[in-house]
Structure formats: structure tokens, C-alpha cells
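Residue numbers (full-length UniProt numbering): 1 to 273. Beta carbons are placed, not taken as given, at the ideal position from N, Cα and C, and that holds for glycine. Owing to the predicted nature of the structure, the values given are computational and were not obtained by experimental measurement.
Take a look at the structure:
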């Protein structure tokens with residue numbers, strides 16, 4: 001089966017987005033053949049107050065990092081709703097964790113197949129009713145020094161810099177362990193995101209699904225213009241701290257099931273298989 005994005009490439013000017021009948025056909029294909037369930041999404045978000053901040057966590061076979069991220073988010077503010085968008089995970093301890101979560105605090109949307117970060121795009125119609133929302137991957141966790149008011153800080157940035165589409169956390173690269181095989185490549189690649197400081201508080205840098213806050217009318221498909229908070233508002237990308245000699249059972253399972261969307265994990269697989 002061809003990829004969904006190959007059939008319906010994302011473009012605001014696409015003919016199927018301008019024509020109601022073709023848009024309905026597109027939605028039918030998405031739901032029937034690609035595991036999207038937009039109608040289910042709508043029910044989840046319809047119950048939330050517009051002033052609530054939905055936090056969409058995209059997850060696939062990640063447990064430990066997800067637990068830490070959720071624990072941190074739940075302790076940071078009360079005006080949020082954590083929604084895990086699960087890409088058809090099969091790791092049994094993770095599924096058991098999902099079952100233990102209090103529904104009033106965390107809700108899980110189960111997809112029928114792994115659609116990677118593209119799955120979140122189907123949420124856009126439901127997210128437009130909220131003043132602000134957050135999208136993040138599940139492999140990002142706070143440091144002990146990461147301030148608990150990060151969400152408030154991001155919201156303030158969006159209010160004061162309306163010319164930027166979204167704002168997010170920076171990803172720390174100064175402390176990457178040398179045991180991680182690609183630490184130099186990561187530092188070289190990510191270093192460009194630490195180059196253009198704006199008013200001493202944030203860097204002008206592209207952001208994808210690495211913990212970013214959007215306005216209800218932001219374009220979720222755009223990587224920029226965006227801001228990344230300066231230190232100490234940094235997060236830890238757990239994959240960059242893996243020791244090849246001490247790979248956990250969970251991470252080994254993840255590596256055995258992850259798709260090509262997971263760029264650094266894919267690079268790991270290609271060089272350690």
C-alpha cells in the first residue's frame with residue numbers, strides 16, 4: 001500500500017482541501033485504510049474547556065521516558081490535559097501502564113497502525129478551538145534543573161512574539177556522553193539551533209515535534225518561524241544518552257520495532273545490526 005502522504009501530500013492549496021466532496025473522500029481513506037480515527041479525536045477534545053491546554057504526546061513503544069514526562073507535566077500545572085497519541089504500540093509493560101493511568105488526568109488515543117508524527121495532523125480541526133496547545137514526542141524528559149514553569153514561559157513567548165508560529169524547549173547537547181556513538185554528529189547538527197539568540201531569552205530555530213506550543217490558529221505543519229527557549233529551559237533527548245553496552249530491554253524492543261521516521265534510532269539500527 002502506498003504511503004498516505006504520497007496520495008494526499010500536505011498543502012493548504014491542495015484541490016482536495018478546497019473541495020468538500022474530495023475532502024470527505026480523503027477523510028474516508030484516512031480512517032478506512034490508514035488507521036486514523038478523526039471522529040474519535042473530536043469526542044476527546046469536545047469535552048475540554050477552550051482555555052485548557054491540550055498536551056499531545058506522540059508515543060510508540062516508549063515507557064520509561066513517557067512516565068517521567070507525564071509525571072513532570074502533571075506536577076507543573078493544573079490547566080492541562082495530557083493526551084497520548086499511541087502509534088499502535090505493542091510493548092506489554094507500556095500497555096499495562098496505559099491501563100493504570102487515571103482517565104481524568106491522561107487520556108490515550110490508540111491508532112490502528114504506526115503513522116509516526118503525521119498522525120497528529122489529523123487533530124488539527126479539533127485543536128483549533130483551543131487558545132494554545134502543545135505537541136511533543138515521548139522521548140523528551142526534563143532535567144532536575146528544568147524549571148516547572150516552562151508552559152507558562154512558552155505561552156508568554158507566543159503572546160509577545162506574534163510573528164512566530166510556535167515556541168518550544170531547547171534540546172541540551174553540551175552534556176552528551178562520549179559513549180553515545182553519534183554524539184559528535186548530534187552536536188554538529190543541533191548546534192545550528194543555538195546560533196541566533198533573540199533578546200537573550202530564546203533562539204530562533206526550527207522545531208518539529210520536539211516539545212512545542214502552538215496557538216489555535218498556528219500551522220502545525222510548519223517547522224518555522226519558531227523560537228526555542230534558552231537555558232535553563234532545556235529538555236533531555238533520551239536517545240542521545242544511550243550506552244551501547246547497556247541497552248535496556250525496553251530500548252532493545254523499541255529499536256526492533258521503530259520505523260524509518262525515528263531518524264537517530266534508524267541510524268543506530270543501521271550501524272549496529
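Closest to residue i by CA distance: which of the options is it?
i: residue 236; options: 141, 82 and 103; result: 141
i: residue 44; options: 95, 175, 247 and 84; result: 84
i: residue 100; options: 127, 118, 63 and 132; result: 63
i: residue 61; options: 53, 98, 42 and 177; result: 98
i: residue 239; options: 138, 227, 96 and 218; result: 138
i: residue 158; options: 102, 212 and 196; result: 212
i: residue 256; options: 90, 54 and 217; result: 90
i: residue 148; options: 71, 220, 194 and 160; result: 71
i: residue 216; options: 128, 205, 104 and 112; result: 128
i: residue 202; options: 226, 134 and 113; result: 226
i: residue 153; options: 126, 251, 258 and 233; result: 233
i: residue 56; options: 180, 105 and 249; result: 105
i: residue 253; options: 198, 94, 68 and 108; result: 94
i: residue 79; options: 53, 166, 59 and 69; result: 53
i: residue 167; options: 250, 208, 92 and 121; result: 208
i: residue 219; options: 121, 177, 175 and 109; result: 121
i: residue 110; options: 169, 58 and 222; result: 58
i: residue 222; options: 165, 175 and 241; result: 165
i: residue 199; options: 174, 176 and 160; result: 160
i: residue 73; options: 250, 113 and 134; result: 134
i: residue 103; options: 113, 115, 82 and 75; result: 82
Reducing DSSP to helix, strand and coil, say where residue i ends up.
i: residue 159; result: helix
i: residue 254; result: helix
i: residue 184; result: helix
i: residue 197; result: strand
i: residue 135; result: strand
i: residue 123; result: helix
i: residue 35; result: Residue placement at residue 35 is flagged as unreliable, the pLDDT there being 47, under the threshold of 50; the coordinate-derived value follows with that caveat. DSSP places residue 35 in coil when its eight states are reduced to three.
i: residue 43; result: helix
i: residue 245; result: coil
i: residue 192; result: helix
i: residue 48; result: coil
Pull the bridge partners of residue i from the DSSP assignment, please.
i: residue 228; result: 168 and 203
i: residue 142; result: 235
i: residue 208; result: DSSP, once it has assigned bridges, lists no residue as partnering residue 208.
i: residue 150; result: Paired residues: none, contrary to the question.
i: residue 53; result: 80
i: residue 215; result: 132
Hey, residue i and residue j are a contact pair by Cβ (cut 8 Å); roughly how many whole angstroms apart?
i: residue 87; j: residue 119; result: 6 Å
i: residue 274; j: residue 171; result: The first residue shown for the chain is 1 and the last is 273, placing residue 274 beyond what the model contains.
i: residue 228; j: residue 205; result: 5 Å
i: residue 183; j: residue 50; result: At roughly 43 Å, the Cβ-Cβ gap does not stay under 8 Å, so residue 183 and residue 50 are not in contact.
i: residue 210; j: residue 136; result: 7 Å
i: residue 242; j: residue 180; result: 6 Å
The ligand COA and residue i: does the residue's C-beta get closer than 7 Å to at least one heavy atom of that ligand?
i: residue 105; result: This structure simply doesn't include the ligand COA, nor any ligand for that matter.
Counting only runs that start and end within the UniProt domain "Glycosyltransferase 2-like" (55-121), where is the alpha helix (DSSP H) found for 4 or more residues in a row?
64-76 and 92-100
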